[in-house]
Ligand code: FES
C-alpha cells in the first residue's frame, strides 16, 4: 500500500468563461471540495487518506472532476448526495460508484 489508502484529487482549474472546454471551477468545484472535506471529517474514516486540489484532469466537459487513487476512478460530483455516496460507497466500503463515474477516454 502507498502512503495513503485513498488519495482524492479535486480539479479546481479555472479558465476564461469563453473557453470552449469550460472549467471545473466554473462548475462549483471549490464548493463541492468544501463539502467533500466536511463529509470526510464526519465519516471519520480510520485508514489514511488525503484530498488535494489539482489542476486540470483532462475531463473538463464532465466537471467538476474528482479522481480517486490508487483506483484511478474519475467522478463527476455535483451535489451533497453525490459526495456522500462516494465517501460511503467508495472510500468506506471500497465499491466504485458506477453511475457517478466518468468513462475513460477510448484508447488511442
Ligand atoms: S478543468 Fe477540471 S478537468 Fe479540466
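In our numbering, the protein residues as written are 39 to 146.
Ideal Cβ placement from N, Cα and C applies to all residues, glycine included.
Here the structure is a predicted model, which is why all the values come from computation and not from measurement.
Asked                                                                                                                                                             : Found
Tell me whether residue 72 is buried or exposed, calling it buried when 16 or more other Cβ atoms sit within 10 Å of its Cβ.                                      : exposed
Note down, in chain order, each residue of its chain lying with its Cβ closer than 7 Å to the Cβ of residue 125, except the 5 sequence neighbours on either side. : 77, 78 and 81
Specify the secondary structure class of residue 104 as computed by DSSP and reduced to three states.                                                             : strand
Our contact map puts residue 114 next to residue 103 with C-beta atoms below 8 Å; I'd like the distance itself, whole angstroms only.                             : 7 Å
If residue 60 and residue 101 are in contact, beta carbons under 8 Å, what's the gap, nearest whole angstrom?                                                     : 7 Å
Per DSSP, which one or two residues make a beta bridge with residue 87?                                                                                           : 44
Look up residue 114 in the DSSP assignment and say whether it is helix, strand or coil.                                                                           : strand
Is the Cβ-Cβ distance between residue 121 and residue 127 less than 7 Å?                                                                                          : no
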